[in-house]
Amino acid sequence: MATSHYFSSPQEPFQPRAVEVELAGRQVSVSTAGGIFSPDGVDKGTQVLLRGAPAPAQQGDLLDVGCGWGPMTLTMAMLSPQATIWAVDVNERARTLCRQNASALGLDNVEVCPPEEVPAETEFSTVWSNPPIRVGKAVLHQILQQWLPRLATGGEAWLVVQKNLGADSLQRWLSAELGAQYSVDRPQTSKGFRLLHVVRR
Numbered sequence: 003m004a005t006s007h008y009f010s011s012p013q014e015p016f017q018p019r020a021v022e023v024e025l026a027g028r029q030v031s032v033s034t035a036g037g038i039f040s041p042d043g044v045d046k047g048t049q050v051l052l053r054g055a056p057a058p059a060q061q062g063d064l065l066d067v068g069c070g071w072g073p074m075t076l077t078m079a080m081l082s083p084q085a086t087i088w089a090v091d092v093n094e095r096a097r098t099l100c101r102q103n104a105s106a107l108g109l110d111n112v113e114v115c116p117p118e119e120v121p122a123e124t125e126f127s128t129v130w131s132n133p134p135i136r137v138g139k140a141v142l143h144q145i146l147q148q149w150l151p152r153l154a155t156g157g158e159a160w161l162v163v164q165k166n167l168g169a170d171s172l173q174r175w176l177s178a179e180l181g182a183q184y185s186v187d188r189p190q191t192s193k194g195f196r197l198l199h200v201v202r203r
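Sequential numbering from 3 applies to the sequence shown in my numbering.
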């Protein structure tokens, strides 16, 4: 599987297309394109998280790490209209599509930006992510070290990871890396995916 979309903008022509998906109990039309993650719809891992995680916080700042065309971002924005949803991705095309999809659905509580443009002082009540496991362990750990310490007190992160791509070892690493100020558990396994849950005490 190609991983170039995790690091940079794709070289192929930008040819958006409409895809019908269900998000937050609604049938909606979204724009996707080649050169991003899961351009044909909502991937299985994201489906596991969207079905298994509780509703996000209703207020405050929420975060989608690796937003792609926006399935998690759009869901959070629809479920928590009073919150601000930060959608981050290194792929410019993904950000463009996520921004367009939020606008098309009338969601004005979404901020789409590259990771470095999120204000340093912002803490998050809810973090959702289908993290890019295939970038390699070192890069994955760097991504999680960047965002999970920015959970607000009492904030929750929900991560979905394929079991056969190291979900259990990632859970152990998170517990050791984050320390006693955080709890890490695995409340659900579905369709070969682990749903990991991190809470800042």
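Ideal placement from N, C-alpha and C gives every residue a C-beta, glycine not left out.
Quick caveat: nothing in here was measured; it's all calculated off a predicted structure.
With burial defined as no fewer than 16 other Cβ atoms inside 10 Å of the residue's Cβ, what is the status of residue i: buried or exposed?
i      : result
PHE195 : buried
SER131 : buried
ALA59  : buried
PRO56  : exposed
ARG28  : exposed
ARG97  : buried
PRO116 : exposed
ASN35  : One point to set straight first is that residue 35 is Ala, not Asn, in the sequence displayed. The residue is buried, with at least 16 neighbouring Cβ atoms inside 10 Å.
GLY157 : buried
ARG101 : buried
THR5   : Because the pLDDT at THR5 is just 49, under 50, the model does not fix this residue reliably, and the value given afterwards should be weighed accordingly. Burial call: exposed.
PRO133 : buried
ALA159 : buried
GLN61  : exposed
GLN173 : buried
Give me, in chain order, the residues of the same chain whose beta-carbon lies closer than 6 angstroms to that of residue i; leave out the 5 immediate sequence neighbours on both sides.
i      : result
GLY54  : GLN190 and LEU197
LEU167 : ILE135
ALA169 : VAL163 and ARG196
THR124 : ASP63
LEU176 : VAL186
MET3   : Since pLDDT at MET3 reaches only 40, below the 50 mark, its modelled position is unreliable, and the value read off the structure follows with that caveat. For MET3, where only same-chain residues beyond five positions count, there are no Cβ hits under 6 angstroms.
Over the uninterrupted alpha helix (DSSP H) stretch that includes residue i, give me the two end residues.
i      : result
ILE145 : 139 to 149
LEU65  : Run containing LEU65: none in the alpha helix (DSSP H); it sits in the beta strand (DSSP E), 63 to 67.
ARG174 : 169 to 180
GLY47  : 46 to 54
LEU76  : 73 to 81
Could you name the residues of the same chain whose beta carbon sits closer than 7 angstroms to that of residue i, not counting the 5 residues immediately before and after it, in chain order?
i      : result
LYS193 : LYS46 and VAL50
TYR184 : VAL200, VAL201, ARG202 and ARG203
ALA178 : none
Measure how close the beta-carbons of residue i and residue j come, nearest whole angstrom, since I'm counting them as under 8 angstroms.
i      : j      : result
GLY72  : LEU99  : 7 angstroms
ALA89  : SER127 : Contact doesn't hold; Cβ gap of about 15 angstroms is too wide.
GLY70  : SER40  : 6 angstroms
LEU150 : LEU180 : 6 angstroms
VAL32  : ASN103 : 5 angstroms
ILE87  : GLU119 : Not confirmed; about 14 angstroms, so no contact.
THR48  : MET78  : The pair is not a contact, with the Cβ atoms about 12 angstroms apart (cut-off 8 angstroms).
LEU146 : LEU76  : Not confirmed; about 23 angstroms, so no contact.
VAL44  : VAL30  : Incorrect: roughly 11 angstroms between the Cβ atoms, too far for contact.
VAL137 : LEU65  : Between LEU65 and VAL137 the Cβ distance is about 18 angstroms, and since that is not below 8 angstroms, they are no contact.
Indicate, with yes or no, if the ligand ATP has a heavy atom lying under 7 angstroms from the CB of residue i.
i     : result
THR75 : Ligands are entirely absent from the displayed structure, and the ligand ATP is therefore not among its contents.
Can you tell me where the beta strand (DSSP E) with residue i in it begins and where it stops?
i      : result
GLN190 : 184 to 192
LEU153 : 153 to 164
GLN29  : 28 to 34
GLU94  : No beta strand (DSSP E) holds GLU94; the alpha helix (DSSP H) holding it covers 94 to 106.
THR128 : 126 to 131
Spatial neighbours of residue i within its chain, please: C-beta separation below 8 angstroms, excluding the five flanking residues on both sides.
i      : result
GLN1   : Residue 1 lies beyond the residue range present for the chain, which begins at 3 and ends at 203; the question has no answer from this structure.
ASP42  : VAL21 and THR34
LYS139 : GLY168
Three or more C-beta pairs under 8 angstroms: does that hold for the segment 69 to 89 against the segment 105 to 118? Segments in contact, yes.
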